[in-house]
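In order, the protein sequence lines correspond to chains A and B.
Each residue of the first sequence is one higher than the one before, counting from 105 in this note's numbering.
Each residue of the second sequence is one higher than the one before, counting from 6 in this note's numbering.
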Amino acid sequence: MKPVRKLLGLLSAALLLITLVPSAIAEVGPTIPKPIKGKQCVAETSDMRRNHMDYLKKHRVEALRQGVRTKQYSLKECLECHVPAKGEETTAESGQFCKNCHVYVGVKLDCFECHATQPEPLDDKSAQGHPVATPAMNAMGRIHQPYSALVMNSPATQQREAK
Amino acid sequence: MSESNQTDLSRRQFVGKGAAVAATVTIAPGVLLYGAAEARNLDQPASSDVRWGMLIDTNKCESGCNDCVSACQTEQGWGGENSNEKLSAPEQKVQWIRKVDLKDTTTGHTQSLPIMCQHCESAPCVDVCPTTASMRRDDGIVLVDRHLCIGCRFCMMACPYKARSFVHEALEDQKPHMPRGKGTVEACTLCVHKLDAGEGVTACSVACTKGAIVVGDINDENSDIAQQLKRHKTSQIRADLGLNTGVRYRGI
Numbered sequence: 105m106k107p108v109r110k111l112l113g114l115l116s117a118a119l120l121l122i123t124l125v126p127s128a129i130a131e132v133g134p135t136i137p138k139p140i141k142g143k144q145c146v147a148e149t150s151d152m153r154r155n156h157m158d159y160l161k162k163h164r165v166e167a168l169r170q171g172v173r174t175k176q177y178s179l180k181e182c183l184e185c186h187v188p189a190k191g192e193e194t195t196a197e198s199g200q201f202c203k204n205c206h207v208y209v210g211v212k213l214d215c216f217e218c219h220a221t222q223p224e225p226l227d228d229k230s231a232q233g234h235p236v237a238t239p240a241m242n243a244m245g246r247i248h249q250p251y252s253a254l255v256m257n258s259p260a261t262q263q264r265e266a267k
Numbered sequence: 006m007s008e009s010n011q012t013d014l015s016r017r018q019f020v021g022k023g024a025a026v027a028a029t030v031t032i033a034p035g036v037l038l039y040g041a042a043e044a045r046n047l048d049q050p051a052s053s054d055v056r057w058g059m060l061i062d063t064n065k066c067e068s069g070c071n072d073c074v075s076a077c078q079t080e081q082g083w084g085g086e087n088s089n090e091k092l093s094a095p096e097q098k099v100q101w102i103r104k105v106d107l108k109d110t111t112t113g114h115t116q117s118l119p120i121m122c123q124h125c126e127s128a129p130c131v132d133v134c135p136t137t138a139s140m141r142r143d144d145g146i147v148l149v150d151r152h153l154c155i156g157c158r159f160c161m162m163a164c165p166y167k168a169r170s171f172v173h174e175a176l177e178d179q180k181p182h183m184p185r186g187k188g189t190v191e192a193c194t195l196c197v198h199k200l201d202a203g204e205g206v207t208a209c210s211v212a213c214t215k216g217a218i219v220v221g222d223i224n225d226e227n228s229d230i231a232q233q234l235k236r237h238k239t240s241q242i243r244a245d246l247g248l249n250t251g252v253r254y255r256g257i
């Protein structure tokens, strides 16, 4: 009867693991504050978790050196959703979206030695809500597209669809 | 990164392009309606068909007036009262644009003019940069890519206009459109964030109540700046260096 006892032992150990592990993970992981605005990030959350650094770097080169001013992977736009604007209500956690995770994984983050840590408050009420359009863009009639449209029309999506 | 097409402002090309884009409509005899310059699509890179430039009329510029300088400070967030920059020594303080008074010692004639980055076609700062941080965009705007800047300050030494500054202090509360930080070099960006947004103006040109500063595409024959450059005698500071500056002056 030994194998049966062994099996029972294994089963109960597995059961114990299943019940214990989720709560353990919840306590160990970084605290990620909820976004201030918006429900869906500019790409799938799993994609953003893995690849955001590459997207940001590509965007920074194109935006600064070539003047390609798309908004999808702009760091400034990240802050619009993940950090409360100046003068808006803050909690201890809000605004720590980038930092909490980077501290957890031990990655030094120096974007914010130069980049603004908070979005500017909106002065144009008509542009309120997300995505944000600057007064200048409103004047030009070039209101920022909703993210769904941006993602649908992005070159990456088009390439994927072409395949 | 794609190979950059340098803007070449040779007269032959200038004239050729002008003829190609001159789309005018005659409304009535003697009245012409010029088509507004087509704004660049934001997902397209800056093109060498455009060359952003600035024309400063020193006859309109008044001595003692600092409106352009303070507008630049407010817009870009340098030299603020509450900024750590006040800890820097006076000769090391950041200065993107400054007013200069000239006096002819023989005649006593005085003039006042603002000086900032001249956005040269053959920019010495770009030539000397060891990391390609100092760069010239295809539409003629000279910028510092501070992701790559190591703070060596060669560009500051190379610039004949003393237009660049080094940030000596740790900064915070920067403008979202203008990241700035300790250990990097910076200068006038020709309000690239405004030009890219299609505003067609800079903070200084808006602030100048005398209308002494005009900004525009000098390759676009129909633009105000190109018309004025064609009509009036203008000059470059240190034209002898042959840098073909994007900033031109009238009356000096």
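Every residue, glycine too, gets a C-beta built ideally from N, C-alpha and C.
Against chain B, the beta carbon of Ala147 (chain A) has no neighbour under 8 angstroms; the closest one sits roughly 17 angstroms away. For Ser93 (chain B), there is no enclosing beta strand (DSSP E), as DSSP gives it neither H nor E.
Contact annotation: Met59 (chain B) and Val197 (chain B) have beta-carbon atoms that are not nearer than 8 angstroms. At least 8 angstroms separates the beta-carbon of Pro223 (chain A) from that of Gly191 (chain A). In this structure, Glu184 (chain A) places its C-beta atom within 8 angstroms of the C-beta atom of Lys141 (chain A). CA-CA distance, Asn46 (chain B) to Thr111 (chain B), rounds to 52 angstroms. For Pro129 (chain B), there is no enclosing beta strand (DSSP E); the residue is part of the alpha helix (DSSP H) that begins and ends at Pro129 to Val133. Annotation: Ser139 (chain B) to Gly145 (chain B) spans about 13 angstroms, alpha carbon to alpha carbon. Two segments are said to touch when three or more pairs of C-beta atoms, one from each, lie closer than 8 angstroms; by this definition the region 177–186 of chain B touches the region 207–219 of chain A.
Counting every other CB atom within 10 Å of its CB across the protein chains shown gives Thr137 (chain B) a total below 16, marking it as exposed.
In this structure Val149 (chain B) is buried. Its beta-carbon is surrounded by 16 or more other beta-carbon atoms within 10 angstroms.
Judged by pairs of C-beta atoms under 8 angstroms, the region 161–168 of chain B does not touch the region 66–76 of chain B, as fewer than three such pairs exist.
With a beta-carbon spacing of about 4 angstroms, Cys130 (chain B) and Cys160 (chain B) fall inside the 8 angstroms limit used to define contacts.
Met152 (chain A) and Val252 (chain B) have their C-alpha atoms roughly 42 angstroms apart. Within the region 134–164 of chain A, no run of beta strand (DSSP E) reaches 3 residues while sitting entirely inside it.
Within the region 61–87 of chain B, no residue has its Cβ closer than 7 angstroms to any Cβ of chain A. Neighbours of Thr174 (chain A) in chain B, taken as residues whose beta carbon is under 8 angstroms from its own, are Leu47 and Asp48 in chain order. For Gln179 (chain B), at least one C-beta of chain A is nearer than 8 angstroms to its own C-beta. With a cut-off of 8 angstroms on Cβ pairs, the region 240–252 of chain B is in contact with the region 120–128 of chain B, counting three or more such pairs.
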